Every structure is written in C-alpha cells, then in structure tokens.
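Asks: Going by the numbering used here, the sequence shown opens with residue 175, and the numbers climb by one from there. Idealized CB from N, CA, C, for every residue including glycine. Treat the numbers as computed from the prediction; the structure is a model and nothing was measured. First, the structure itself, so that you have it in front of you.
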Amino acid sequence: MNFKYYDVFSTLISGIVLLFTLSIAIDWNITNINVVILLSLAYVIGYMLNAVSALLEPLYHWVMGGKPSDKLLKVPKPSCCGKMRNYTGFGRIRFYEYEKAIRLLRQDLDDAKADEKKMFGKAMAYSNSTDKTRVPDFNAHYAFSRVMLTLVIVSVSIIMPKLYDLWWTWLISVAVILLAGQRCKERGYYYAREVLIEYLKTK
C-alpha cells in the first residue's frame, strides 16, 4: 500500500497509540506480537478511529460554538458598545475580507440569500479546481487534529477506569482534552480561511 503522509500520521500513528493504551488498560503484553501484524492491527484501529472522528465532527462543532466555515462567513454582531468588528474568525485567526467573499459567492451562486454552507461549498469547488494551493495541506492538518482529539478522548475513556483513584490523572486528562480541542478548533479555522483566501485569488 502506498502511504501518504496523512495516512501515516493520522491512521498508523493514532492506531499505535490507541493499541498501546489498550495494552496498558487490560494488561496485554504486545511485545511478543510480530511487527507486521502489530502494524497491520494498528492501521485498522487507526482507520476506525479516523471514521469515528468524522462521525463526531458535528458534535465537536457544536461544542466549539459552530462550524469554522459558517463563522467566517457570518457577519459579526455589534458588541455591547455598538461597535462592529471588521473581521470574522477565532482568536488570532482572522478573516478581514468576509464582506467581499460573501458578496462574490452570492453573485456566483446567483442567490442573494445563500447561507454559509452553500457559500462555502462554492468556495471549496473553486479552491479544489487547482493543484497549486495549500488547501489540501490545511485540510490534512485539520483532519489530523480532529483524529488526535478523538484519540485523546477515547484513550482517556479507556485508561481512566484503571487510574480513577489518582487525582492528578484527572487533571492531566482534562488538560490534554482541552488542549487537543483547542488545537482542533484552530486547525478548522485555518483550513476554512485558506479555502476562502484561495477562492478570492480567483477573482
């Protein structure tokens, strides 16, 4: 099988980590297993973990306050002082050309009331029409971060019943989940912003 780097990182490595976590939780000695068999098993586990992370994506978006693509194409609401931001985004990840993107996307769609999902789908069609973009890389980084978040949650769920009486493991577990969630959210915004930037380059 011809692995791409995303396959290696998100599938094989995540599978190995989860397999190692399982071995600790159930006292399973995996050192005597043939390396080829071990890697094959890890790949299958990683593949299933990838599928689970995709299924959980809507839940992640809900917990994180919405889909990054929707948030970037939604006009900001005025603050309590009546001031309106001149950008959309999250934290340091800002998109200043949201008004231009919304206007052009609705023109291309010939739909003045097109919602964020429809507009982003159009932008993706443009950005995927050429190979000379960084969009696939940003997408791979986001997918990898999503898998890592799922891996952390699953690993904590598996190993905590064995370590529940150690208070510091709860602190570490919560901290790691929050960090993984933050990273996943950031990567989602980076990816969505890159899609919109590439779309605007075609105009």
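(1) To the nearest whole angstrom, what separates the beta carbons of residue 217 and residue 186, a pair I think is in contact under 8 Å?
(2) In chain order, what are the residue ranges of uninterrupted alpha helix (DSSP H) at least 4 long that sit wholly in the segment 266–327?
(3) Note down, in chain order, each residue of its chain lying with its Cβ closer than 6 Å to the Cβ of residue 298, except the 5 sequence neighbours on either side.
(4) Quick check on DSSP: helix, strand or coil for residue 263?
(5) For the candidate residues 240, 277, 329 and 364, whose alpha-carbon lies nearest to that of residue 188?
(6) Here's a check: name, in chain order, each residue in its chain whose Cβ is nearer than 7 Å to the Cβ of residue 326, leaving out the five neighbours to either side.
(7) Which residue wins for smallest C-alpha separation from residue 252, given the options 262, 243 and 227?
(8) Just to confirm, are residue 229 and residue 275 a CB contact at a threshold of 9 Å?
(9) Going by DSSP in three states, residue 245 sits in which element: helix, strand or coil?
(10) Using 8 Å as the cut-off, can you tell me whether the segment 303–313 makes contact with the segment 278–292, which would need three or more C-beta pairs spanning the two stretches below that distance?
(11) What is the C-beta distance between residue 195 and residue 332, in whole angstroms, given that I count them as a contact (C-beta under 8 Å)?
(12) Kindly indicate which three-state DSSP category residue 203 falls into: helix, strand or coil?
(13) Find the nearest neighbour of residue 315 within the set 236, 201, 237 and 359, judged by alpha-carbon distance.
(14) Compute the Euclidean distance between the alpha carbons of residue 364 and residue 206, then round it to the nearest angstrom.
(15) With a threshold of 7 Å on Cβ separation, who are the neighbours of residue 324 within its own chain once the five nearest residues in sequence on each side are excluded?
(16) Ends of the alpha helix (DSSP H) at residue 232?
(17) Whose C-alpha, out of 340, 361, 374 and 376, is nearest the C-alpha of residue 242?
(18) What separation, rounded to the nearest whole angstrom, lies between the Cα atoms of residue 380 and residue 312?
(19) Work out the CA separation of residue 284 and residue 367 for me, nearest whole Å.
(20) With H, G and I counted as helix, E and B as strand and the rest as coil, what does DSSP make of residue 340?
Replies: Reading it off the structure:
(1) 5 Å
(2) 272–283 and 290–301
(3) 369
(4) strand
(5) 329
(6) 350, 351 and 354
(7) 262
(8) no
(9) helix
(10) no
(11) 6 Å
(12) coil
(13) 359
(14) 42 Å
(15) 223, 226, 227 and 230
(16) 209–237
(17) 361
(18) Residue 380 falls outside the range modelled here, since the chain spans only 175 to 377, and no answer is possible.
(19) 22 Å
(20) coil
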